[in-house]
Structures are given as C-alpha cells and as structure tokens.
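Numbering (the numbering used here), first residue to last: 2 to 386.
Note that beta-carbon positions come from the ideal geometry of N, C-alpha and C, so glycine has one too.
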Amino acid sequence: METKRNIAILGSTGSIGRQTLDIIAEYTHLFHASLLTAHSSAELLIEQALRFKPQRVVIANEQRYDMVKEALAGTGIEVLAGHEAIAQAVVDHDIDTVVTAMVGYSGLAPTIAAIKAGKKIALANKETLVVAGELITGLLASSSSVVYPVDSEHGAFYQCLVGEDRNNVSKLILTASGGPFRTTPLNRLATVKAADALRHPNWDMGAKITIDSATMMNKGFEMIEAKWLFGVSHDHIEIVVHPQSIVHSMVEFVDGSVKAQLGLPDMHLPIRYALGLPARLATDNYHMSVADYATLTFERPDFDKFPLLGIAYEAAARGGNAACIVNAANEVAVAAFLRDDIGFLDIARVVENTLARVPFIDSPCYDDYVNTNEEARRVAETFIN
Ligand code: NDP
Ligand code: MG
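As structure tokens, this is what we get:
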C-alpha cells in the first residue's frame, strides 16, 4: 500500500491554507495534514484540527494558546504557541512537504528551517523569495530540498518548462489581471478606499495580496519570485496585462515559440499541481470549456499609474537587500492603507521613500535581512502621516 505523504500547512486558516486542505480532503488516500499553523484564528484552527487530525498545531499568537489547548485536550493533538514554534515544528522528520501559505515576511524563518531540513516546499509565500531570494537559492543549492511553486503564474512557468532546456528560454511572459483599478483613471486613484481595492475581479484572496494586486506590487513581487525560481534575469521577464486570467503565464523560447498554460482562475489548480508533482492528480472539477472564453486580450501595463512595478524592476536590478526594503515598506504601507491611515497612492510613495532612505547592502547575510526588515519598517512608519 502506498504511504501517505505528510503535509505541513503554514497558515492553514488563510485563503491558500484552506484551499490546500480542500485538496487534502479530495485525496485522503495520498495526503495527511500533519501540521497546521495559524496566527490568531483559533476557532478555525480548532475546527480544522478536529477534522483533519494533525499530529501538531501551532498558534503563533500566544494569547490564543489556552483556548486551542483546551479545545483539543484529549485528542492527542499537540498544541504549540509562538512564532518560533512554527520554525521548530516544520523540521519534524515525518513531514514530507511544507506548504508556505503564511503572509509576508513571517514566512522567511520557517521556510529557511524547512529547506535546511530537506523538506519539499510548496511555495505560496512569495515574499520569502522577494526578501531573500539569493540566500534561499544558495540554501537550496546545498540541500536536498526542492521548491514547487504554488503561485499560479509560476506554476504556469513550471509547466511550460517541463522537458525544456533552460538555455533555450528567451523570455518569461508574466500575466497580470490588472486588478480592480485597471481601467480607473489615475486621478481617481487618490480617493479609492480599502473596500474598493479589496474587490478583486478574478481572484478571491487574503487582504494583503489583494491590495498588492490593486497596486500591482504583487506582479512586481512575482517578477522577482520568477527571477529566483527559474534563474531568469529581470530584463528577460515581461509583464503583460491579461484581464481574463485564463492564460496563467507564458514562456518564449529562442526559436520564437511561445508556450502558455491555461486554466480557470482558481487556486485549487496550481495547489493540486504542486502537491501532486511529479504526478498529475485527476479531478472531475475545474475543467474549462475554451469556447466559453472566446476573447482573450493582452495589453502592456501602465507603469505611470502603477509605479510599484517600476520600483520592483529597480530593486531586482540593484539586488542585495533592495527588494527586502521594498517588501518591508510595502507591508507597513498596505497595513496603513487597510486602516485608512494613508491613501492608495501613498503606498508607492512610502515604498519609494523608504527604498531611498535605508542603506543598501550588496551581499546580505541572514542577519542583514533581519536588520534591513526592521530598519525599513521603522523608516516606512515615519512616512505614514
Ligand atoms: P491570508 O491572509 O488569507 O492567510 C494568511 C495565513 O497566514 C493565515 O493562516 C494567517 O493566520 C497566517 N499568518 C498571517 N500572519 C502571520 C504571522 N505573522 N505569523 C504566522 N502566521 C501568520 O493570505 P493568503 O492565503 O491570501 O496568502 C498567503 C500567501 O500566499 C501570501 O504570501 C500570498 O502572497 C500568497 N499567494 C496567495 C494567493 C491567493 O490566492 N490567496 C495566490 C498566490 C500567492 P490567521 O488566519 O490566524 O490570521
Ligand atoms: Mg500570482
């Protein structure tokens, strides 16, 4: 009998985490959710633990520990608390694959721990590669760990590259939905509110990535994510707006051929692919009728309206800790926008000013990233008025 693969889901209560559990529930003969973690959503974590019976759960917010511990008493499920417990729990020798579905910088330390322990990584937390892509790539080179992308665009690149010689790649073409403000004139963006930005046309996601989609920072981050995942320089990654979100991305080869991967805009597809690798997991759901999508359109992104795109390319070109600064400033600015403390256009202003202010480090070590993240957050706060 085939043994089940033990899956750790970091951020099981979030959008990607919940959809990963859907896939585990669909293929119970293949997978077991052995570790679930959340930040503060204790009620949902308890519900998930009672249903999926993991060996262990971690609640990062220590104030919610007693509640989770009491609810799971007598079940045999171990309950841990605190951020450090997440990085400690992922190295358990029973765990095969770690799905990194936490949001933001918080994914960095546990991902590093999982790589060092030789785990397979199904990477949703793109910020890890944005912050410290060079460090992570170096660690991967000297470990038995492998990274499978969960992000739909990177899953598309991965699929297009199967069987291809990487030397034959001339360009990665990264598709973007354009977000909720694709057709909104620049002069109206100053007054849009969080509720407007949270209304994404095609994807139902967590709040932070939904705001990043509205500013197109998400696409800038995905360009940097692609650079590290596939070893392609930023000037060979082109962003193209494709409002229907059916073509998940494309690869152009040296002979002019372009391969694309298509599918419905539903994260269950790339999650299923990443968990299934090297196999494809059959399903009756999520099949699309191409004829229903008679019109697929593509247009160039507006770098004036979405300045964070240009800032992402600048950070990618500079390397070092530049993208770490951009990520930290963006996290501070997005949180401030969600609180209604700054306007939509201020997000890019905060990021740009922070990037100009925080000292550049050419070849950062881990501690440099930690310090850069803290310093950039402190500086970014000074630009929130
Ligand atoms: P959500 O906000 O929906 O979920 C985030 C999860 O991480 C929750 O379980 C949350 O716990 C937990 N979490 C948040 N902050 C911390 C922290 N500081 N320490 C520990 N755990 C924390 O996010 P998404 O699922 O939308 O996104 C997760 C990642 O996947 C992001 O990096 C995003 O960019 C990426 N991604 C998401 C896509 C999507 O469709 N949603 C698509 C492609 C990539 P709690 O519930 O307790 O707050
Ligand atoms: Mg994506």
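Per-residue DSSP class, three states only, for residue i
{"i": "PRO279", "result": "coil"}
{"i": "ALA118", "result": "coil"}
{"i": "ILE362", "result": "coil"}
{"i": "LEU442", "result": "As displayed, the chain neither begins before 2 nor continues past 386, which places residue 442 out of reach and without an answer."}
{"i": "VAL99", "result": "strand"}
{"i": "LEU124", "result": "strand"}
{"i": "ILE238", "result": "strand"}
{"i": "TYR149", "result": "strand"}
{"i": "GLY320", "result": "coil"}
{"i": "ASN354", "result": "helix"}
{"i": "ALA337", "result": "helix"}
{"i": "THR14", "result": "coil"}
{"i": "ARG52", "result": "helix"}
{"i": "ARG19", "result": "helix"}
{"i": "TRP204", "result": "coil"}
{"i": "TYR28", "result": "coil"}
{"i": "LEU73", "result": "coil"}
{"i": "ILE385", "result": "coil"}
{"i": "ARG183", "result": "coil"}
{"i": "THR4", "result": "coil"}
{"i": "THR112", "result": "helix"}
One or two residues paired with residue i in a DSSP bridge
{"i": "MET251", "result": "ILE174 and ALA261"}
{"i": "GLU79", "result": "ARG57"}
{"i": "LEU36", "result": "ALA9 and ARG57"}
{"i": "GLU63", "result": "GLU63 is not bridged to any residue."}
{"i": "GLU300", "result": "VAL242"}
Any non-hydrogen atom of the ligand MG within 6 Å of residue i CB
{"i": "SER16", "result": "no"}
{"i": "ASP267", "result": "no"}
{"i": "SER178", "result": "no"}
{"i": "GLU154", "result": "yes"}
Integer Cβ distance of residue i from residue j, believed to fall under 8 Å
{"i": "ALA195", "j": "PHE338", "result": "6 Å"}
{"i": "ILE25", "j": "PHE53", "result": "7 Å"}
{"i": "SER16", "j": "ALA39", "result": "In fact, because the Cβ distance is near 13 Å, the residues do not count as touching under 8 Å."}
{"i": "TYR390", "j": "LEU282", "result": "Residue 390 lies beyond the range of the chain shown here (2 to 386); nothing can be said about it."}
Residue i burial status per 10 Å Cβ neighbour count (16 or more: buried)
{"i": "PHE361", "result": "exposed"}
{"i": "VAL151", "result": "buried"}
{"i": "ALA227", "result": "buried"}
{"i": "PHE299", "result": "exposed"}
{"i": "CYS161", "result": "buried"}
{"i": "LYS120", "result": "buried"}
{"i": "VAL359", "result": "buried"}
{"i": "HIS243", "result": "buried"}
{"i": "HIS249", "result": "buried"}
{"i": "TYR106", "result": "buried"}
{"i": "ASN168", "result": "exposed"}
{"i": "THR293", "result": "Residue identity check: residue 293 is Asp in the sequence provided, not Thr. With fewer than 16 Cβ atoms within 10 Å of its Cβ, ASP293 is classed as exposed."}
{"i": "THR76", "result": "exposed"}
{"i": "GLU63", "result": "exposed"}
{"i": "GLU154", "result": "buried"}
{"i": "CYS366", "result": "exposed"}
The ligand NDP heavy atom lying under 6 Å from the CB of residue i
{"i": "ALA125", "result": "yes"}
{"i": "MET217", "result": "no"}
{"i": "ILE210", "result": "yes"}
{"i": "SER246", "result": "no"}
{"i": "SER41", "result": "yes"}
{"i": "GLY264", "result": "no"}
{"i": "MET224", "result": "no"}
{"i": "ALA195", "result": "no"}
{"i": "GLY12", "result": "yes"}
{"i": "MET206", "result": "yes"}
{"i": "LEU102", "result": "According to the sequence as given, residue 102 is Ala; it is not Leu. Answer for ALA102: yes, Cβ within range of the ligand NDP."}
{"i": "SER107", "result": "yes"}
{"i": "ALA50", "result": "no"}
{"i": "ALA90", "result": "no"}
{"i": "ALA329", "result": "no"}
{"i": "ALA61", "result": "yes"}
The ligand ADP heavy atom lying under 6 Å from the CB of residue i
{"i": "ASP369", "result": "Because the ligand ADP does not appear in the structure shown, any question about it cannot be addressed here, the ligands present being the ligand NDP and the ligand MG."}
Minimum Cβ-Cβ distance from residue i to chain B less than 7 Å
{"i": "GLY75", "result": "Chain labels in this structure do not include chain B; a single protein chain is all it has."}
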